[in-house]
C-alpha cells in the first residue's frame, strides 16, 4: 500500500563485482529476510540524470571494491523515475555489526563514496537513518518487483508511528491491494520520528493508476492517515533499476 500525492536478478560485469563472491549483483533486496536485524535508509538529490548516473555508478563501485563482513546483507541504490533522486537501502544482521564495520572500515570506502557524491555535486548530508521493519502487506504470490515506491511520514514518536502502521495493516487485513501491487513494507525509525513504506510494484504505471483511484484524496486510506494524531505525510517517490550487492 502506498499513498500520497523480492528479490531480483542481478547482472554480472560491473567493475569490481567479481571480487564479491556470494552476492547477487544489481538485485532488489529481500526486505523480509529473517537475518536482517537493522535497516538503513537514505536519499540523495543528484540534480539530474547525469548526476544520478554518477552517484549510482560511483557509490555502487565503491562498495563493490570493499571487503564486506558477515554482518553485511545488502546495500542497494535505486534510481528515481524523476531522473534525479537516488534511494539508498541497506540491511545488516544487527546494529552492532554495522557499528563495528563503521568503526573499522578502511578510509578508502568513505573517500570513494565522498568522491562520487562530490563529482555529482551532491552534499553528503547527515547520512542514512536507522530503521526496523515493523510489518508488511503481502500477496499470496510475490512476483519480482519492477518498481519500488518510497512513501514517507514524519511522526511524533513510536506511539503515533505504530498507530499509523497498525491501522493500515488492519484496514487491508494484512494483504496487499491494487492491481500490480506486490507488497508494502512498513519501517519505523529507531527514534520513532519517521515511517517509511518501501512498497513493491510490478511497474510504475500500476502505482500511478492506484494513486488516482484507491489512494485519492477523500478516500478511506487518505482519510484514515489524516485522522491519526502526530502523523505528517511527506509524499512518495518511485524508483527502479537497482544497483548494488545483496547477499545470496
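Numbering (this note's numbering), first residue to last: 1068 to 1315.
Here a beta-carbon is modelled for each residue, glycine too, at the ideal position from N, C-alpha and C.
Because the structure is a prediction, the values reported are computed rather than measured.
Would you say the region 1235–1255 touches the region 1129–1141, given that touching needs at least three Cβ pairs under 8 Å? no
Check whether the Cβ atoms of residue 1180 and residue 1129 sit closer than 8 Å, and answer yes or no. yes
Would residue 1302 and residue 1277 be called neighbours here (beta carbons separated by less than 8 Å)? no
Looking only at its own chain, which residues have a Cβ that is under 6 Å from the Cβ of residue 1100, when we skip the five neighbours before and after it? none
Given residue 1186 as reference, the closest of 1229, 1282, 1114, 1291 once Cα atoms are compared: 1114
Please report the distance separating the alpha-carbon of residue 1230 from that of residue 1105. 21 Å
When the Cα atoms are used, what is the spatial distance from residue 1107 to residue 1157? 5 Å
Bridge partners - residue 1241, DSSP secondary structure assignment: Answer is none; residue 1241 lacks a bridge partner.
Cβ neighbours of residue 1307 in the same chain (closer than 8 Å, five flanking residues each side left out): Counting only Cβ-Cβ distances below 8 Å, and skipping sequence neighbours, we find 1145, 1146, 1148, 1213, 1214, 1215, 1271.
Can we say the region 1163–1183 touches the region 1231–1245, given the rule of at least three CB pairs closer than 8 Å? Two segments are said to touch when three or more pairs of C-beta atoms, one from each, lie closer than 8 Å; by this definition the region 1163–1183 does not touch the region 1231–1245.
Residue 1203, buried or exposed, once every other Cβ within 10 Å from all chains shown has been counted against 16: Of the residues assessed, residue 1203 falls on the buried side of the cut-off, its CB having 16 or more other CB atoms within 10 angstroms.
Does the beta-carbon distance from residue 1239 to residue 1300 come in below 8 Å? The answer is no: Cβ separation not under 8 Å.
Let's test the definition: count the other Cβ atoms within 10 Å of the Cβ of residue 1110 and tell me whether it reaches 16, buried, or not, exposed. Taking a 10 Å sphere around the C-beta of residue 1110, we find 16 or more other C-beta atoms and assign the residue as buried.
Does the Cβ-Cβ distance between residue 1127 and residue 1283 come in under 8 Å? no
Go to residue 1207, then tell me how far its beta strand (DSSP E) extends in each direction, as first and last residue. Element bounds for residue 1207: n/a, residue is neither H nor E.
If you reduce the DSSP assignment to three classes, tell me which class residue 1263 lands in. strand
Return the residue from the list 1153, 1137, 1155, 1182 that minimises the CA-CA distance to residue 1168. With distances taken between Cα atoms, residue 1168 lies closest to 1137.
Beta-carbon separation (whole angstroms), residue 1196 vs residue 1256, contact threshold 8 Å: 5 Å
For residue 1070, which of helix, strand or coil comes out of DSSP? Unreliable placement is indicated for residue 1070, whose pLDDT of 41 sits below 50; the coordinate value is still reported in the next sentence. Correct three-state label for residue 1070: coil.
Should residue 1165 and residue 1199 be called a contact, given that it needs their Cβ atoms to be closer than 8 Å? Their beta carbons are not under 8 Å apart, which means residue 1165 does not touch residue 1199 by this criterion.
Select from 1218, 1211, 1116 the residue whose C-alpha is nearest the C-alpha of residue 1097. 1211
What residue does the beta strand (DSSP E) around residue 1090 start on, and which one ends it? 1090–1092
Figure out for me which residue from 1228, 1207, 1135, 1305 has the closest Cα to the Cα of residue 1314. 1135
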